[in-house]
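Notes to accompany the following structure.
Chains as they are written, first to last, in the numbering used here: chain A, 786 to 1258; chain B, 1265 to 1643.
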């Protein structure tokens, strides 16, 4: 640890908000993925000014910076490498302004996603992107990863809900990207920033769109004897001309793990379940409910249950959104993919994914956003078993290759981070990667802002990014 | 100074670090520090036990900042036994002599009453005693009225707030139950010692407590922290006898909720005047998971208001408010805001620690059955 760096950081913050002690630094070495790095210093700024000051100090010392919210990321995006300065946004957790008429809220990056929806519920509004970690994850993190969530099927991902972002750029200067006007003039740099995973600067204030709560909601749980039947029903529902608010699938193992936690009455003998939600005006919702019931039964559903009230609905969603966290009931570690495949090829890809896991003697589960083909193949394992990581990585690579071969992409919503960085060449040509690297350079010419993430080594000519010694992936 | 951790490896590995516990943890919510979160504390335990990190002062500080509310346990989809891990970690910490002595005092009821009386006299003489509520000088003794149920009297509750026991006893009698009192030895359930990691002392207190409740009558508890500890004797002592004892233990509201038809009905005009916000003691909500019964018991007698903070801890945490005053006060501030938002004038709390802690901030806090008692007596 560089003592002069720490002293300079203390000078712009205070002693309590600059952490250098080794055990505490170790707690910031990872996020919710299995990737570990090494933090040099961890700081907790309270304001935009302080973020600017921290960025300038780090820059003066030539030390990279890594922004971090709640650390619920699944791709290693906020994992620090090379003793970076970790800038934690948890102290910047205020909702600054709520404009009920314009349906816009200005928030600091550390506001928790669900806290915002709760704070505006009495106005009949909510923040639509709802990652499964929404109770814990920050809106700053949602912006960084362009996060999705079950309801993004109908409402769109985070990018569709971010109007403007105040950004501390990698040189410490401040800028505003986007604006509250319906169509701000000039290039949509806001669009470039959302999903940039902390490589273009740090958002310090975010203007988000608030969405009216739907007048009527119906949540259904359909229970299938085969995974194929459930997957076919997904295509069937969309083909019938219905756009559900959410359309989620869970396979047998994950359903059992979740049921053991929530006791929501998930069928533990089903091969797969679909959680389908429709919302809108009451008559339309009623009609869609009947239609979805029919489509599911046509594809072999044994039972379709409609949630009787809000409490039952909440419990079903709690189950779905707890899925990753419930994994330790089966094994203590998971490695999660986030590939998106064309909906029409779901059945085929799923079959292949199970095959790959079996070939590598791994336990594989699937819980995912079926409606938009966003798979979350989840390999569960115990890291303490010798040689298991090699098998996990080998299977992971094959799964990604299979998804890409089926016309898919690497990530639906979790981001690329470190985890999928080296797969980028599967879907982008050298020219594509070079163009992206040049966009990034326009924001961060010195490469100090969350370096080594997203783009693989060699994305630019003469680029020598590589995973440093000691980083554990 | 360093020491060894000997936690169960399987329990320690059962956290997948998803972070779903974070917003439910009062110290994480208050500080935003990973080291003050359940996930971070487990990571620190792992670093010490598995990766050879020194169990130094920072490790001790991270562990001691936990309120042990166990809200992370109800939030955890993988049911990580966080309370047990934390108790195990605390057992390994080096405890200074004055702390051990303090727990000895609580374990001896006569000494506790004596010291409390001295403290009460000092308070009357105008001496400020930080961390203590206003203590009573004299308390009327309780008298047994039958053998249907036991009322657990305990340590601090009996020394500082025996009038609550009296109110609870009257309500139980109104429901037709004859109330027995424990024999000698039930001075303290040992909860504070368990939380501090002084498990040998806790086991001594538990064994002594069990002997004070002969027979098989239900043992009713009006202090949520004690109820949680008594219900865990099976695990603490690991004997069939302790299991059987724990099975007899119920929170008073838990017992009463199943017998509400035995209580007299009250006219609407006789109901409790002010609306009542229910504060769920963590060890009733997250450990005993019996907090709904408080509402069942209160509703016929008072207008019940729910707080909007999902049962977030109030920061009392047994001895926590004395050991971590700064954090404890910051956590309490969140609770005070929630109570203010609710508009309630009276707060019902089924645990003395929470009640003293919140009353210390100027709230009107009563045990739920004190409210029922007041309504029944005013009919």
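Using N, Cα and C, we set each Cβ at its ideal position, and we do this for glycine too. Predicted model, so just to flag it, every value in this text is computed and none were measured.
From residue i to residue j, what distance separates their C-alpha atoms?
i, j, result
"residue 1375 (chain B)", "residue 1450 (chain B)", "14 Å"
"residue 1225 (chain A)", "residue 1239 (chain A)", "10 Å"
"residue 1598 (chain B)", "residue 1578 (chain B)", "8 Å"
"residue 845 (chain A)", "residue 942 (chain A)", "36 Å"
"residue 1327 (chain B)", "residue 1347 (chain B)", "11 Å"
"residue 995 (chain A)", "residue 812 (chain A)", "34 Å"
"residue 904 (chain A)", "residue 1286 (chain B)", "18 Å"
"residue 1071 (chain A)", "residue 1079 (chain A)", "13 Å"
"residue 1055 (chain A)", "residue 1011 (chain A)", "8 Å"
"residue 1026 (chain A)", "residue 1020 (chain A)", "10 Å"
"residue 1639 (chain B)", "residue 1433 (chain B)", "14 Å"
"residue 1110 (chain A)", "residue 1276 (chain B)", "15 Å"
"residue 1493 (chain B)", "residue 1367 (chain B)", "15 Å"
"residue 1037 (chain A)", "residue 1180 (chain A)", "20 Å"
"residue 1628 (chain B)", "residue 944 (chain A)", "47 Å"
"residue 1323 (chain B)", "residue 1202 (chain A)", "30 Å"
"residue 898 (chain A)", "residue 1022 (chain A)", "29 Å"
"residue 1429 (chain B)", "residue 1363 (chain B)", "28 Å"
"residue 864 (chain A)", "residue 1243 (chain A)", "21 Å"
"residue 1018 (chain A)", "residue 1058 (chain A)", "11 Å"
"residue 1182 (chain A)", "residue 946 (chain A)", "33 Å"
"residue 1575 (chain B)", "residue 1603 (chain B)", "12 Å"
"residue 1300 (chain B)", "residue 912 (chain A)", "28 Å"
"residue 1643 (chain B)", "residue 1436 (chain B)", "17 Å"
"residue 882 (chain A)", "residue 993 (chain A)", "11 Å"
"residue 1205 (chain A)", "residue 1165 (chain A)", "18 Å"
"residue 1619 (chain B)", "residue 1480 (chain B)", "30 Å"
"residue 810 (chain A)", "residue 1612 (chain B)", "41 Å"
"residue 1441 (chain B)", "residue 1359 (chain B)", "43 Å"
"residue 1097 (chain A)", "residue 808 (chain A)", "42 Å"
"residue 1291 (chain B)", "residue 1595 (chain B)", "7 Å"
"residue 1082 (chain A)", "residue 1030 (chain A)", "20 Å"
Would residue i and residue j be called neighbours here (beta carbons separated by less than 7 Å)?
i, j, result
"residue 1158 (chain A)", "residue 1125 (chain A)", "yes"
"residue 1200 (chain A)", "residue 860 (chain A)", "yes"
"residue 1051 (chain A)", "residue 1104 (chain A)", "yes"
"residue 1356 (chain B)", "residue 1309 (chain B)", "no"
"residue 1569 (chain B)", "residue 1539 (chain B)", "yes"
"residue 1306 (chain B)", "residue 1330 (chain B)", "no"
"residue 1615 (chain B)", "residue 1431 (chain B)", "no"
"residue 836 (chain A)", "residue 870 (chain A)", "no"
"residue 1384 (chain B)", "residue 1406 (chain B)", "no"
"residue 1035 (chain A)", "residue 1228 (chain A)", "no"
"residue 1108 (chain A)", "residue 1152 (chain A)", "yes"
"residue 989 (chain A)", "residue 1043 (chain A)", "no"
"residue 1122 (chain A)", "residue 1067 (chain A)", "no"
"residue 1583 (chain B)", "residue 1621 (chain B)", "no"
"residue 1455 (chain B)", "residue 1515 (chain B)", "no"
"residue 868 (chain A)", "residue 802 (chain A)", "no"
"residue 991 (chain A)", "residue 873 (chain A)", "no"
Taking only beta-carbon atoms, is residue i less than 7 Å away from chain E?
i, result
"residue 1117 (chain A)", "Absent here is chain E; the protein component of the structure consists of chains A and B."
Residue i and residue j look like a contact to me (Cβ under 8 Å); what is the Cβ gap, rounded to whole Å?
i, j, result
"residue 1561 (chain B)", "residue 1521 (chain B)", "6 Å"
"residue 1545 (chain B)", "residue 1489 (chain B)", "7 Å"
"residue 1566 (chain B)", "residue 1535 (chain B)", "6 Å"
"residue 1197 (chain A)", "residue 933 (chain A)", "6 Å"
"residue 929 (chain A)", "residue 1008 (chain A)", "Rounded, the Cβ-Cβ distance is 37 Å, inconsistent with contact."
Tell me whether residue i counts as near the ligand NAP, meaning its Cβ is closer than 6 Å to at least one heavy atom of that ligand.
i, result
"residue 1198 (chain A)", "Because no ligand of any kind appears in the structure shown, any question about the ligand NAP cannot be addressed here."
*For the 8 Å Cβ check, are there 3 or more pairs between the stretch 1047 to 1063 of chain A and the stretch 1174 to 1187 of chain A?*
Touching, no, given that fewer than three Cβ pairs across the two stretches are closer than 8 Å.
*asked:* Below 8 Å, how does it come out for the stretch 918 to 932 of chain A and the stretch 1274 to 1291 of chain B: are there three or more Cβ pairs, yes or no?
replied: Touching, per the Cβ criterion.
*Determine, using beta-carbon pairs with one atom in the stretch 1405 to 1416 of chain B and one in the stretch 1470 to 1484 of chain B, whether at least three such pairs fall under 8 Å.*
Cβ pair count under 8 Å is three or more, so yes.
*asked:* Check whether the stretch 1125 to 1139 of chain A and the stretch 1189 to 1198 of chain A touch, using three or more Cβ-Cβ pairs below 8 Å as the test.
replied: Output reads yes: the stretch 1189 to 1198 of chain A touches the stretch 1125 to 1139 of chain A.
_Meets three-Cβ-pair contact criterion under 8 Å: the stretch 786 to 806 of chain A and the stretch 850 to 860 of chain A_ = No, the stretch 786 to 806 of chain A does not touch the stretch 850 to 860 of chain A.
*Identify every run of the beta strand (DSSP E) within the stretch 949 to 996 of chain A, keeping only runs that are complete inside it and at least 3 residues long; order them along the chain.*
Runs found: 959 to 963, 987 to 994.
*Determine contact between the stretch 963 to 970 of chain A and the stretch 931 to 938 of chain A, defined as no fewer than three beta-carbon pairs at a distance below 8 Å.*
Segments in contact, no.
*Secondary structure, beta strand (DSSP E): runs of 3+ residues fully inside the stretch 1296 to 1370 of chain B*: List check, beta strand (DSSP E) in window: nothing returned.
*Mind the definition here: the stretch 1088 to 1097 of chain A touches the stretch 996 to 1008 of chain A only if three or more C-beta pairs lie below 8 Å; say whether that holds.*
Three or more pairs of CB atoms, one per stretch, sit closer than 8 Å, so the stretch 1088 to 1097 of chain A contacts the stretch 996 to 1008 of chain A.
_List, from N- to C-terminal side, the beta strand (DSSP E) runs of 3 residues or more that fit wholly inside the stretch 873 to 932 of chain A._
Qualifying beta strand (DSSP E) stretches, in chain order: 880 to 884, 889 to 892.
*What residue ranges within the stretch 1054 to 1128 of chain A form continuous alpha helix (DSSP H) runs of no fewer than 4 residues, ordered along the chain?*
Here the runs fully enclosed are 1067 to 1083, 1095 to 1106.
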